[in-house]
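Participant: Using our numbering, the letters of the sequence shown map in sequence onto residues 2 to 95.
The beta carbon of each residue, even a glycine, is placed where N, CA and C say it ideally should be.
Attaching a single structure in structure tokens format; questions to follow.
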Amino acid sequence: VEIAPLFYLDNTIEKVEGMRPYSPLELVGRNIYMREGCYLCHSQMIRPFRDEVERYGHYSLAAESMYDHPFQWGSKRTGPDLARVGDRHSNAWH
Numbered sequence: 002v003e004i005a006p007l008f009y010l011d012n013t014i015e016k017v018e019g020m021r022p023y024s025p026l027e028l029v030g031r032n033i034y035m036r037e038g039c040y041l042c043h044s045q046m047i048r049p050f051r052d053e054v055e056r057y058g059h060y061s062l063a064a065e066s067m068y069d070h071p072f073q074w075g076s077k078r079t080g081p082d083l084a085r086v087g088d089r090h091s092n093a094w095h
């Protein structure tokens with residue numbers, strides 16, 4: 002008997018358009034993000050509650066982190082979630 006999280010069963014994951022495995026360059030960046038501990042303040046699992054969605058945007062979907070091992074979901078965010086901040090600001094803000 003093997004117990005596996007539902008995350009690994011395709012029929013339990015909402016599809017997200019454009020999701021793909023990381024490129025080699027993206028993996029290098031992700032490894033730096035993890036090594037430096039950036040995810041501790043700059044990532045968050047947004048729960049599907051009205052107040053969180055109003056504040057942070059769409060709730061987190063399992064498919065968004067299906068290629069993240071180990072998972073980088075944080076429970077409290079100090080800085081902006083870098084995975085979503087680019088969608089909310091113009092290029093001039095960056």
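1) In the DSSP assignment, the alpha helix (DSSP H) including Gly-30 goes from what residue to what residue?
2) Helix, strand or coil: how does DSSP classify Tyr-57 here?
3) If you measure between the beta carbons of Ala-64 and Val-29, is that distance less than 7 Å?
4) Just how far apart, CA to CA, sit Ile-33 and Cys-39?
5) Which of the three DSSP states, helix, strand or coil, is assigned to Leu-41?
6) My guess is that Tyr-60 and Tyr-23 are in contact by the Cβ rule of under 8 Å, so how many angstroms apart are they, rounded?
7) Spatial neighbours of Ala-84 within its chain, please: C-beta separation below 8 Å, excluding the five flanking residues on both sides.
8) What does the alpha-carbon distance come out to for the pair Pro-25 and Arg-56?
Facilitator: Once the coordinates are examined:
1) Here residue 30 refers to the residue found at position 29 when the sequence shown is read from its first residue. First-last of the alpha helix (DSSP H) with Gly-30: 25-36.
2) Numbered from its first residue, the sequence shown carries residue 57 at position 56. Looking at Tyr-57 - three-state DSSP - the assignment turns out to be helix.
3) Residue 64 sits at position 63 when you count from the first residue of the sequence shown. Residue 29 sits at position 28 when you count from the first residue of the sequence shown. No, they are not a contact pair.
4) Your numbering for residue 33 matches position 32 in the sequence shown. Your numbering for residue 39 matches position 38 in the sequence shown. If you take the alpha carbons of Ile-33 and Cys-39, they lie about 8 Å apart.
5) Taking the sequence shown and counting its residues from 1, the one referred to as residue 41 is at position 40. It is helical.
6) Locating residue 60 in the sequence shown gives position 59, where the first residue counts as 1. Locating residue 23 in the sequence shown gives position 22, where the first residue counts as 1. About 22 Å separates the two Cβ atoms, so there is no contact after all.
7) Working through the sequence shown from its first residue, we reach residue 84 at position 83. Counting only Cβ-Cβ distances below 8 Å, and skipping sequence neighbours, we find Ser-44 and Glu-65.
8) Against the sequence shown, residue 25 aligns to sequence position 24. Against the sequence shown, residue 56 aligns to sequence position 55. One C-alpha to the other measures close to 33 Å.
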